[in-house]
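Protein chains in written order, with the working numbering: chain V, 6 to 146; chain W, 6 to 146.
One structure is given below, encoded as structure tokens.
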DNA sequence: TACATTGTTGCAAAAACTTGCAATAAGGAG
DNA sequence: CTCCTTATTGCAAGTTTTTGCAACAATGTA
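This is how it looks when you write it as structure tokens:
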């Protein structure tokens, strides 16, 4: 669990608090490694902290996302799933089967610069999920 | 309304049908010009077709998206909104105020090619929504 | 250690979204 | 024009996600 409490200073610096609930959620995501839906986070985090409630999970995930500790990314169905914030990367999801791979952020860096200069928007650093057809599913077409 | 019935052949060619419900939904999105949430689509489309139900709106929007007649794009909160399929473009949404601008697809073409060659995924043609901070909100920081 | 401040949580109820299934109706065949 | 097939809808009930508010608890101060 201590792995996650390292985030506490980040929150305190902005006037927020590290709580047992947030810690449990971070811990779950940290050890999961990949995306989880809010329901899955709830199920797992409650094993560590039985008093945890579902609304709190939703609110915490949104809060943690806003503070950059977790990253939201849309699934095929349009619902958000969350993963612990790691190195910058993006995703390509297969439209057919849902298979998912990561894309290094370096591939997008030029684009992000281009977007910032051409649009006037700053801090464009969002995770992006692209949808395509994976090699496996291409064979079946 | 006839504007939307032009889509019928596209659906029939794949064994699907054009119905009054889909027509009404397409009509609403066509004349709206920008994104609408499912609830907004429902409210407006029901004026044209009072028998329309909410589940049908959700199912139709998903169906129309899969068939390329409308485009889904995530809002700030992560919820999907839909717009009529037009020329290819993407969006940048302000994280603070929600202000939204369009990005020409040409800016992303190189990246898409790069992604396809480096990942093996094909037909990466999804709409993408980036999040950043708009010029107005930058002033307040 | 006790107090005050204020960010957070839990609860309960509402709203948004999804699903299964029987009834309906679009489009093709005769 | 009528019938047939089967995609699609409406209904009703479920699940998921959000919201308001009172109770709680984490930090700073004395």
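Here a beta-carbon is modelled for each residue, glycine too, at the ideal position from N, C-alpha and C.
For clarity, every value in this text was computed on a predicted model and none was experimentally measured.
Residues that residue i contacts on chain V, provided the C-beta gap is smaller than 9 Å
i: residue 108 of chain W; result: 120, 123, 124
Other residues of its chain near residue i: CB distance less than 8 Å, five sequence neighbours each side excluded
i: residue 138 of chain W; result: 99, 100, 101, 146
i: residue 135 of chain W; result: 95, 96, 97, 98, 108
i: residue 47 of chain W; result: 57, 59, 62
i: residue 52 of chain V; result: none
i: residue 116 of chain W; result: none
i: residue 125 of chain V; result: none
i: residue 110 of chain W; result: 92, 93, 94, 95
i: residue 19 of chain W; result: 72
Per DSSP, the bridge partner or partners of residue i
i: residue 12 of chain W; result: DSSP lists no partner for residue 12 of chain W.
i: residue 41 of chain V; result: V/87
i: residue 134 of chain W; result: W/96
i: residue 127 of chain V; result: W/138
Within chain V, the residues that residue i reaches when beta carbons sit closer than 7 Å
i: residue 127 of chain W; result: 137, 138, 143
i: residue 60 of chain W; result: Neighbours of residue 60 of chain W on chain V: none; closest Cβ ~15 Å, over 7 Å.
i: residue 85 of chain W; result: 83
Chain-ordered neighbours of residue i on chain W, where CB pairs are closer than 9 Å
i: residue 133 of chain V; result: 133, 134, 135
i: residue 41 of chain V; result: Ordered by position in chain W, no residue passes the 9 Å Cβ test against residue 41 of chain V, which lies about 15 Å from the chain.
Residues near residue i in its chain [Cβ-Cβ closer than 7 Å; skip 5 each side]
i: residue 54 of chain W; result: 25, 26, 29
i: residue 6 of chain W; result: Below a pLDDT of 50, predicted positions are generally treated as unreliable, and residue 6 of chain W, at 49, falls in that range; the measurement from the model is reported next regardless. Cβ neighbours of residue 6 of chain W beyond the five flanking positions: 28, 32.
i: residue 127 of chain W; result: 121
i: residue 11 of chain V; result: none
i: residue 4 of chain W; result: As displayed, chain W neither begins before 6 nor continues past 146, which places residue 4 of chain W out of reach and without an answer.
Closest residue to residue i among the options (Cα-Cα distance)
i: residue 83 of chain W; options: V/91, V/94, V/71, V/93; result: V/71
i: residue 118 of chain W; options: V/112, V/39, V/121, V/118; result: V/112
i: residue 13 of chain V; options: V/66, V/103, V/74; result: V/74
i: residue 21 of chain V; options: V/47, V/65, V/37, V/52; result: V/65
i: residue 129 of chain W; options: V/143, V/40, V/47; result: V/143
i: residue 88 of chain V; options: V/141, V/81, V/36; result: V/36
i: residue 78 of chain V; options: V/43, V/61, V/59, V/125; result: V/43
i: residue 103 of chain W; options: W/11, W/141, W/52, W/10; result: W/141
i: residue 9 of chain W; options: W/23, W/52, W/67; result: W/23
i: residue 81 of chain V; options: W/67, W/17, W/19; result: W/67
i: residue 38 of chain W; options: W/110, W/131, W/91; result: W/91
i: residue 85 of chain V; options: V/123, V/16, V/45; result: V/45
i: residue 131 of chain V; options: V/18, V/40, V/93, V/17; result: V/93
Contacts around residue i, its chain only, beta-carbon distance under 6 Å, and the 5 residues preceding and following it disregarded
i: residue 133 of chain W; result: 95
i: residue 50 of chain V; result: 29, 30, 33, 57
i: residue 106 of chain W; result: 97
i: residue 69 of chain V; result: 75
i: residue 63 of chain W; result: 43
i: residue 114 of chain W; result: none
i: residue 16 of chain W; result: 23
i: residue 40 of chain W; result: 86, 88
Per-residue contacts from residue i into chain W (C-beta, under 7 Å)
i: residue 97 of chain V; result: 120, 124, 126, 129
i: residue 34 of chain V; result: In chain order: nothing, as chain W lies at least about 16 Å away.
i: residue 55 of chain V; result: In chain order: nothing, as chain W lies at least about 27 Å away.
Proximal chain W residues relative to residue i, where beta-carbon distance stays under 8 Å
i: residue 112 of chain V; result: 116, 119, 120, 123
i: residue 14 of chain V; result: The premise fails here: residue 14 of chain V is roughly 22 Å from chain W at the closest Cβ pair, so nothing lies under 8 Å.
Residue i Cβ short of 7 Å to the ligand GTP heavy atom set
i: residue 131 of chain W; result: Because no ligand of any kind appears in the structure shown, any question about the ligand GTP cannot be addressed here.
Alpha helix (DSSP H) runs wholly inside the region 51-113 of chain W, at least 4 long, in chain order: Runs of alpha helix (DSSP H) with 4 or more residues, each lying fully within the region 51-113 of chain W, are found at 59-71, listed in chain order.
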